[in-house]
Amino acid sequence: MKGKLFIVSGPSGSGKSTVTQIVRDILNIPLAISVTTRAMRNGEVDGKDYYFISKEEFENKINNDELFEYANVHGNYYGTLNSEIEKRLESGQNVILEIDVQGGVIAKGKRPDSTLVFFKAPSLEVLEQRLRGRNTDSEEVIQKRLKNAIGELKFEERYDHVIINYDIDKSVQELIDIIEK
Ligand code: 5GP
Numbered sequence: 105m106k107g108k109l110f111i112v113s114g115p116s117g118s119g120k121s122t123v124t125q126i127v128r129d130i131l132n133i134p135l136a137i138s139v140t141t142r143a144m145r146n147g148e149v150d151g152k153d154y155y156f157i158s159k160e161e162f163e164n165k166i167n168n169d170e171l172f173e174y175a176n177v178h179g180n181y182y183g184t185l186n187s188e189i190e191k192r193l194e195s196g197q198n199v200i201l202e203i204d205v206q207g208g209v210i211a212k213g214k215r216p217d218s219t220l221v222f223f224k225a226p227s228l229e230v231l232e233q234r235l236r237g238r239n240t241d242s243e244e245v246i247q248k249r250l251k252n253a254i255g256e257l258k259f260e261e262r263y264d265h266v267i268i269n270y271d272i273d274k275s276v277q278e279l280i281d282i283i284e285k
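FYI, in my numbering the residues of the sequence shown are 105 to 285.
1) Could you give the first and the last residue of the continuous beta strand (DSSP E) run that contains V149?
2) Just reading off the alpha helix (DSSP H) that N164 is part of, what are its end residues?
3) Does the beta-carbon distance from G119 to I268 come in below 8 angstroms?
4) Taking 7 angstroms as the cut-off, is the C-beta of T240 nearer than that to any heavy atom in the ligand 5GP?
5) When DSSP labels each residue in this structure, what does K224 get in the three-state scheme?
6) Among N186, R249, L131, F259, whose alpha-carbon lies nearest the alpha-carbon of K214?
7) At a cut-off of 7 angstroms, would you count S116 as near the ligand 5GP, judging by its Cβ distance to the nearest heavy atom?
8) Using only the alpha-carbon positions, how far apart do D264 and K159 sit?
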């Protein structure tokens with residue numbers, strides 16, 4: 105039996121990364137490592153968090169048809185390698201991709217049997233509190249993320265499931281239920 109592809113998207117600060125990571129650990133689903141042209145952040149490891157490559161290398165991958173989907177997010181390219189997902193799906197393993205909404209729509213177009221899960225905070229006010237609570241970003245970055253969030257929320261209706269992240273444990277259970285159904 106073939107594995108299933110799950111795509112998780114949602115605004116920065118919605119809690120999607122935390123919840124997806126916990127679910128991956130519980131269900132033993134390995135991370136599909138994306139390629140990106142953005143600069144490596146402190147503490148990130150090449151080949152673990154992302155494959156960090158140049159714009160030229162990225163464009164070569166586009167031309168060689170190596171990418172399942174890709175998008176330009178906040179001025180940088182991000183993409184999923186076919187090589188990270190195809191073998192796993194063929195061998196019956198489930199795959200969870202945590203990608204932006206543009207990539208989610210492309211993925212669904214290519215694989216209509218994939219399941220799209222949209223994550224969001226209970227309200228924009230809560231999202232703003234969470235972004236501020238991280239204490240890591242400048243006011244400019246927070247404002248940019250809030251503006252992006254409003255754009256991303258327009259994609260919600262194109263997703264199969266919406267998880268409103270009131271509480272991490274509850275959202276973890278909701279995502280597990282979607283995967284195991
Ligand atoms: P960050 O730079 O914070 O790691 O990620 C920024 C955004 O890029 C997030 O919304 C993340 O989900 C998205 N992203 C990460 N990897 C991919 C990918 O392979 N494809 C697409 N389309 N988006 C990605």
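From the three backbone atoms N, C-alpha and C, an ideal C-beta is built for every residue, glycine too. Just so you know, these numbers come straight off a predicted model, no measurement behind them.
Taking the coordinates as given:
1) Segment: none, V149 is in no beta strand (DSSP E) and carries neither H nor E.
2) 159-167 is the span of the alpha helix (DSSP H), which, as asked, contains N164.
3) no
4) Using a cutoff of 7 angstroms, the CB of T240 does not count as near the ligand 5GP, since none of the ligand's heavy atoms is closer than that.
5) strand
6) Looking at N186, R249, L131, F259, the one whose alpha-carbon comes closest to that of K214 is N186.
7) Yes, the ligand 5GP has a heavy atom inside 7 angstroms of this Cβ.
8) 32 angstroms
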